[in-house]
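See structure below.
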């Protein structure tokens, strides 16, 4: 338990801030467009009497939601119209009042997921990580509070800022309880868990400096060094190529780069890490397909034109909404709750441009030619060896796969979001895909122009290759490979050529949807009595 901080220290911390007074009125036209449209959507969900946003889910029965309310509060400060500031302070005060304040509890310094919920860890409401409480919400909400102080302290009362600083101190102490563990009920915050690790380092480093707590400051620098050591191996994030979480990591790295002093390891390395990450994005973003080429370490879908990703929110102000993968009304897309990030990124994106290499920034909106890209990443302790990625990016198609050897199925994230093989193509009417659903802890992949070869080095006669294929608006019934729209597929290898075909539908079929996406599963098994290394090869021809 920490000792109460003196009033003098709180006053010193308050006076240490210099208000920049940022305003949404100064945003570029496309950033302003994203800001205004997303705030209008959130205005519809706001309950002024309660001082919270309603949960965006269609099945929440008018429950409120804390994290999105924090992002909305930042947007209100940026808009600063009418009673926006008063409502923002109301929301912030509510969120802080729901922060857990018992130092002996693992969720100390975290925030309620919604104000109506029972107390976490009480007799009838057991504590379950990522369910009844989410340790990553310290990072999401804490970074938002800091951003509010840094950009809008001239709008916030001293009392509100004092509450925010105390909350951030508790948040940082609580986050220090976290460490990676392979135990069944253990936490998973390793330095390789890029997005929350980056946010934790920033909050600890920023708060330690503001509150003159050298141990907290040193902890933030230590967390950052561990992240940096991994990044420097291949100039890639350990949580590699995620439509959602690359976007969160860029957010955190922007905070490293802008809001910490020059002597911080974060300020020194954040800009380079952003630059290297955008170099990868420049290789993998396909402006014609409006998708990041796969494979993806952690995905919430197979087509960025149908689920809302943070990378699309970064891209909207950079290349235009119509080119970013978002539809006219993003709030109806799958994973729509992340639309609440839009005001936060809108406030940052114009300044963020200076970290993006000019050649990358200028090429995001147009296809610059067919190319092959090879890189690696490592996510300890789940990777026994680095994951090696190969991508072919073509005008109407992308083919990508990774070779890996992991300690458990699906690595750090599990098989529903770990997507080690991805083929995407333009059917002429829509974007479709073929993906491999992980069923083995290790795979070797070779990617050629229009060809993909997958082998299971630790496989046996029980191995399966489960290929997930998208649905087609003009061909709802599929009986085999010949029914795919716009693509001819030739299958070879030592698998049994007779495959099982199963539909994963929202309302039935032989299996379920994956991250909301209906799909067809082509399942290849090994022949009876098989001995050797299972192999499946796919050749592709656009038609």
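In this note's numbering, the protein residues as written are 8 to 550.
Even glycine gets a Cβ: it sits at the ideal position worked out from N, Cα and C.
In this structure the segment 525-540 touches the segment 467-478; the number of beta carbon pairs closer than 8 angstroms is three or more. Look at residue 238 here: in three-state DSSP terms it is helix. For residue 165, the enclosing alpha helix (DSSP H) covers residues 165-182. Scanning its chain for C-beta atoms nearer than 7 angstroms, with the 5 sequence neighbours on each side dropped, one finds around residue 257 the residues 281, 284, 321, in chain order. About 6 angstroms separates the beta carbon of residue 237 from that of residue 199, a gap short enough to meet the 8 angstroms contact definition. Annotated three-state conformation of residue 348 is helix, per DSSP. Counting only the Cα atoms, residue 544 lies some 43 angstroms from residue 208. A straight-line Cα-Cα distance of about 15 angstroms links residue 40 and residue 50. The beta-carbon separation of residue 317 and residue 251, rounded to 5 angstroms, stays under the 8 angstroms limit for a contact. Taking C-beta separations shorter than 7 angstroms and ignoring five residues to either side along the sequence, the partners of residue 74 in its chain run 144, 147, 148, following chain order. Exclusion of the five residues before and after residue 242 leaves 283 as the residues of its chain whose Cβ lies within less than 7 angstroms of its Cβ. Residue 355 and residue 115 have their alpha carbons spaced roughly 29 angstroms apart. Cα atoms of residue 211 and residue 509: separation of roughly 49 angstroms, rounded to the nearest angstrom.
Across the structure, residue 45 and residue 435 are spaced so that their CA atoms are roughly 30 angstroms apart. According to the DSSP assignment, residue 147 belongs to the alpha helix (DSSP H) that extends over 144-159. Note on geometry: alpha-carbon atoms of residue 54 and residue 137 lie some 26 angstroms from one another. At a Cβ-Cβ threshold of 8 angstroms, residue 310 and residue 420 do not count as neighbours. A direct Cα-to-Cα measurement between residue 336 and residue 47 gives close to 12 angstroms. Between residue 202 and residue 255, the C-beta gap is smaller than 8 angstroms, which places the two residues in contact. A residue is called buried once 16 or more other Cβ atoms fall within 10 Å of its Cβ, and residue 180 is buried on that count. DSSP lists 449 as the beta-bridge partner residues of residue 412.
By the Cβ rule, the segment 372-388 does not count as touching the segment 263-274, because fewer than three pairs are nearer than 8 angstroms. Under DSSP, residue 455 shares a beta bridge with 458.
Your pair residue 453 and residue 465 does not check out as a contact, with CB atoms roughly 17 angstroms apart and the cut at 8 angstroms. Residue environment: residue 69 is assigned as exposed (fewer than 16 neighbouring CB atoms within 10 Å of its CB, all protein chains considered). CA-CA distance, residue 386 to residue 91, rounds to 42 angstroms. Annotation for residue 549: 403, 404, 432, 493, 494 place their beta carbon closer than 7 angstroms to its own, counting only its chain and skipping 5 residues before and after. Looking only at 214, 288, 523, the smallest Cα-Cα distance to residue 244 is reached by 288. DSSP, reduced to helix, strand and coil, places residue 285 within a helical segment of the structure shown. Straight-line measurement puts the Cα of residue 52 at about 10 angstroms from the Cα of residue 72. For the options 165, 214, 273, the alpha carbon positioned closest to that of residue 205 is the one of 273. When DSSP states are grouped into helix, strand and coil, residue 495 belongs to the strand group. In this structure, the straight-line span from the alpha carbon of residue 96 to that of residue 347 is close to 18 angstroms. In the DSSP assignment, residue 204 falls within the alpha helix (DSSP H) that extends over 201-217. For the pair residue 540 and residue 426, the CB atoms are not nearer than the 8 angstroms cut-off. A direct Cα-to-Cα measurement between residue 519 and residue 361 gives close to 44 angstroms.
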